[in-house]
Amino acid sequence: MNDGDLTAPGRPELSTGPGGSPERDSPQIGRSYPQAGDFAGDVGEERGDATAGRVSRETSLSPVPASASKFSDRNPVSRETSNHLVDVLLSTPPVPHPSDTGSSSPVTSPQEPSATTGSNVSRGTGFRTAAQIAEQDTTAYDNSTPLARAAEHVVMARQGALGRQQPARPDHTRVMVVANQKGGVGKTTSTVNLAAAMAQLGQRVLVIDLDPQGNASTALNIDHHRGVPSTYDLLVDGAALADITAPCPELPNLVVCPATIDLAGAEIELVSVVARENRLHKAIQAHPLVGDSTIGDERFDYVFIDCPPSLGLLTLNALVAGAEMMIPIQAEYYALEGLGQLLETVAMVKAHLNPRLDVTTILITMYDARTRLAAGVAEEVREHFGSTVLKTMVPRSVRVSEAPSYGQTVMTYDPGSPGALSYLEAAREIAVKGAPAA
Ligand SMILES: Nc1ncnc2c1ncn2[C@@H]1O[C@H](COP(=O)(O)OP(=O)(O)O)[C@@H](O)[C@H]1O
Ligand SMILES: [Mg+2]
2 MNDGDLTAPG RPELSTGPGG SPERDSPQIG RSYPQAGDFA GDVGEERGDA
52 TAGRVSRETS LSPVPASASK FSDRNPVSRE TSNHLVDVLL STPPVPHPSD
102 TGSSSPVTSP QEPSATTGSN VSRGTGFRTA AQIAEQDTTA YDNSTPLARA
152 AEHVVMARQG ALGRQQPARP DHTRVMVVAN QKGGVGKTTS TVNLAAAMAQ
202 LGQRVLVIDL DPQGNASTAL NIDHHRGVPS TYDLLVDGAA LADITAPCPE
252 LPNLVVCPAT IDLAGAEIEL VSVVARENRL HKAIQAHPLV GDSTIGDERF
302 DYVFIDCPPS LGLLTLNALV AGAEMMIPIQ AEYYALEGLG QLLETVAMVK
352 AHLNPRLDVT TILITMYDAR TRLAAGVAEE VREHFGSTVL KTMVPRSVRV
402 SEAPSYGQTV MTYDPGSPGA LSYLEAAREI AVKGAPAA
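According to the working numbering, the stretch in the sequence shown is residues 2 to 439, in order.
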């Protein structure tokens, strides 16, 4: 990990807390988070309450004593920080939820004052919500008339981000594994949208769907019924990756290796295969368009691997194949539970199977700016993982979840929406940050 040495002295360790039951391998998290209902839309409710840090630090990933707790009322430093968090929250009026208003895009809402644009950033928290990104980008939307808006939409859908400044292509193919054994945290959504955003930013991208459910294939509009050449053939039969990939109809720079339901059996079938955890790595490295710049313009810049919600042989194959790992974390109550186990697995893979592997990126997804719970989780994650966490957070947005039902990513379905703008910004962050030094 870049700067996230979790075992460094003075840094709380990600481990099962002393109170943890022996069966549960997950860290002591979320114990004293208030009920979700405590938060819903109540940002303004406790104006001036300095102890509003009810998003307690006792919810830590680790057994940090309460006295050292960042949000503890007994600790003057924590009070300060807590006040700071409250300040930030109070200075940011609730962002209207798309599902509340029925509006396709909160960006267009007049309720978002321009003062919010820089407030979080200038106050030193340094992260932006999608609404702020959208607002900064005044060229993103012209909703002065419905016709202008429709025209803008069409242009953005056709060109995506192509008209914008494009980040440099990396000097070798970056293989990014998107994994988290927890289901529903936004792995697939992040994989397809970051891949689409990268493609719109002029990068050449390959997406490998490694989840038997084939959700990434669906979102990218790739046929994945039984019988279609898929990741199963790659892993079990040793088929060549180049023979399996299909171009994404919506995005010219994007190709996909689809997953069919057959992949569900691969986990068992692979058990008896020699070097079973190496299959995906070999397949990727054997692709003629994977490698350094000597390959030419056609070379893939990014390979994104969408993992299933488990830590079985499929995910293991991905962890062996990639040099960079991205963990999407949902800004939710149970979000951090299980992270300890995930990081232990990564450490084991790094020690025994793939020394190149690093957790390079953490993306906070489904962030609901109206709740202090989400802010508390984000704060917690940033505290532990530092600059590994992308500044951009992806907001919870109806448009993001609707897109797959149209066989699209939100990047083409509603390119001016906060979800699309966030993924675009997140992709840009990943591209600009670059690969970790070898
Ligand atoms: N930013 C978001 N806003 C709203 N819904 C989202 C967002 N990100 C993901 N979702 C929805 O959450 C669900 C789980 O996301 P998914 O990407 O499939 O998670 P995973 O791949 O980790 O299981 C899906 O229904 C998806 O549409
Ligand atoms: Mg998924």
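C-beta: ideal position from N, C-alpha, C; glycine also.
The three-state reading of DSSP puts residue 303 in strand, counting E and B together. Leaving aside the five residues that flank residue 314 on each side, the residues in its chain whose CB is nearer than 8 Å to its CB run, in chain order, 267, 268, 271, 272, 277 and 278. Pairing residue 304 with residue 202 gives a Cβ-Cβ distance that is not under 8 Å. Annotated three-state conformation of residue 225 is coil, per DSSP.
Under the DSSP definition of a beta bridge, residue 366 partners with 331. Take the alpha-carbon of residue 388 and the one of residue 286: they are about 29 Å apart.
Shown here, residue 209 sits in a strand according to DSSP, grouped into three states. For residue 378, same chain residues with a beta-carbon under 6 Å away, outside a window of 5 residues either side, are 332 and 336 in chain order. In this structure, the alpha-carbon of residue 428 lies about 22 Å from that of residue 215. Relative to residue 172, the option among 263, 382 and 298 whose CA is nearest is 298. 8 Å or more divides the Cβ of residue 431 from the Cβ of residue 382.
The segment 215-231 and the segment 241-255 touch, with three or more beta-carbon pairs separated by less than 8 Å. Distances between the C-beta of residue 362 and the heavy atoms of ligand 1 are all 7 Å or more. The secondary-structure analysis by DSSP pairs residue 326 across a beta bridge with 178 and 360.
Taking 8 Å as the upper bound for CB-CB distance, residue 359 and residue 324 are in contact here, some 7 Å apart. Residue 195 sits away from residue 231, with the two beta carbons spaced by 8 Å or more. Excluding residues up to 5 positions away in sequence, 254, 301 and 302 lie with their Cβ nearer than 6 Å to the Cβ of residue 205 in the same chain. Note on residue 294: under 16 other CB atoms within 10 angstroms of its CB, so exposed under the neighbour-count rule. Counting only runs that start and end inside the segment 220-303, the alpha helix (DSSP H) elements of at least 4 residues fall at 232-237, 264-270 and 280-286.
The chain-ordered list of residues whose CB is nearer than 5 Å to some heavy atom of ligand 1 reads 184, 185, 186, 187, 188, 189, 190, 367, 395, 397, 398, 401 and 402.
Residue 390 sits in a strand when the DSSP states are folded into three classes. Ligand 2 has a heavy atom closer than 7 Å to the beta-carbon of residue 216. Non-local C-beta neighbours of residue 346 in its own chain, meaning closer than 6 Å and more than five positions away in sequence, comprise 312, ordered along the chain. Distance from the CA of residue 229 to the CA of residue 281, rounded to the nearest whole angstrom, comes to 18 Å. If you draw a 10 Å sphere on the C-beta of residue 191, you find 16 or more other C-beta atoms in it, and that means buried.
DSSP places residue 396 in the strand class (E or B) of the three-state scheme. A direct Cα-to-Cα measurement between residue 433 and residue 189 gives close to 22 Å.
Residue 341 and residue 174 do not touch by the CB rule: their CB atoms are close to 31 Å apart, not below 8 Å. A straight line joining the alpha-carbon of residue 211 with that of residue 239 spans about 15 Å. The beta-bridge partner set that DSSP reports for residue 173 consists of 293. In terms of side-chain proximity, the C-beta atom of residue 212 is found nearer than 7 Å to a non-hydrogen atom of ligand 2. Apart from the 5 residues on each side of it in sequence, residue 187 sits with its Cβ closer than 8 Å to the Cβ of 329, 331, 364, 366, 367 and 395 in its chain, given in chain order. Contact check for residue 412 and residue 217: beta-carbon distance about 14 Å, past the 8 Å limit, so the pair fails to qualify.
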